[in-house]
Structure formats: structure tokens, C-alpha cells
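Here the sequence shown is numbered in this note's numbering, starting from 1198 and rising by one per residue. Backbone N, C-alpha and C fix where the C-beta goes; we use that ideal spot for every residue, glycine too. In this text, all values refer to a predicted model and were calculated from it rather than measured experimentally.
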Amino acid sequence: MATPSKTAQTPQRSLDQRLDALRRANEIRSLRAQLKKELKSGALSVEKVISEPKDFVLTAKVFDIIVAAPKYGKVKATRLLNQCRISQGKTLGGLSTRQREELVHLLEQR
């Protein structure tokens, strides 16, 4: 007789739960796309987004937000993050107070 496996499995989600999660994910994607358009047009400053992030942008990568702003390409964004000792994979919600303040200060200087 075989013994049952002791590996934990993730709980099964109902169809309503999956559809709700998909709906929220799509809403967040569209809000982020709108935010990036506003950054690109100059209607919104990258400093404001980083210093006072809205809920839907907390899980976005800091690198992606900076690159969406005018005058910041991948190279400048990488240098800026390295200067602040921030990983390119770091999310806005994962920034420490020191990292957030230092990054905003450097962005305002440019």
C-alpha cells in the first residue's frame, strides 16, 4: 500500500475567484499603461510617482517606471538605480525609505 505524499498543494480556486483575479489583473495593467502614457507625455512626473505611489503601481518595477519617463533610457535608468544601490528587479512597494528618498532626490536634480 502506497503512503500519501506529504507535499503541500495550493488550494484550488473556484471559477469566480479566478475570474475576479483576472479582472483585477487586467484593471491594474490598464491603469499602469495609462500611468506610463502620462509619464511619457510629461503630464505626470516620475518623482511624484515614486514618492507617492498609488496602490496599483506598488508591484511595478522601479526600472520600468523610470524608463517610461522622457529622457530616461535603459542606460540612464540602470546608472541611477546603481547609484542608489537599488536592484533593477525592485518594485516600488519594496523600496526602503532611504532608497525612495535618495532616488527622488537624484531624479529632481536631473
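Candidates the options, of which the one nearest residue i by Cα
i	options	result
residue 1245	1307, 1301, 1267	1301
residue 1262	1214, 1211, 1288	1288
residue 1305	1293, 1284, 1277	1277
residue 1232	1223, 1243, 1294	1243
Pair within 7 Å by beta-carbon distance, residue i and residue j
i	j	result
residue 1260	residue 1240	no
residue 1257	residue 1229	yes
residue 1218	residue 1236	no
residue 1255	residue 1286	no
Sequence-distant residues of the same chain with beta carbon closer than 8 Å to residue i, five excluded per side
i	result
residue 1282	1296
residue 1227	none
Continuous alpha helix (DSSP H) stretch holding residue i: start and end
i	result
residue 1277	1271–1280
residue 1305	1294–1306
residue 1289	Element bounds for residue 1289: n/a, residue is neither H nor E.
residue 1229	1212–1238
Nonlocal neighbours in the same chain, by C-beta distance under 6 Å from residue i, ignoring five residues either side
i	result
residue 1225	1253
Cβ shell of residue i (< 7 Å), same chain only, five flanking positions each side left out
i	result
residue 1299	1281
Any non-hydrogen atom of the ligand FAD closer than 6 Å to residue i Cβ
i	result
residue 1210	Summarising the ligand content, the structure contains no ligands, and the ligand FAD is consequently not present.
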